[in-house]
């Protein structure tokens, strides 16, 4: 009877050790995954800032370009230029 009891206690202690080892393993994996997620979020923030700044630059350039008008000595030249490339003079 005592032999069976000690055998069961041994198996219980072995199972507890295995359980603790599994918990440590999963916690370390979880920590690694959390670090990866944080790194990816930081990269996304950096890329969003780059896209935002690029958008601001394009917007600023468009604002500056719209202010300067084309001037032609004769209106006929403007009409010919508009016919040749209408997208340049879409204001």
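Residue numbers (my numbering): 31 to 121. Ideal Cβ positions, reconstructed from N, Cα and C, are used throughout, including at glycine. Note that the coordinates shown come from a computational prediction; the quantities given were computed from them, not determined experimentally.
Would you kindly work out how many angstroms separate the C-alpha atoms of residue 58 and residue 80, rounded to a whole number? 33 Å
Using the Cα positions of residue 42 and residue 49, report the straight-line distance between them to the nearest angstrom. Going by the C-alpha atoms only, they are around 10 Å apart.
DSSP three-state label for residue 115, please. If DSSP states are grouped into helix, strand and coil, residue 115 belongs with coil.
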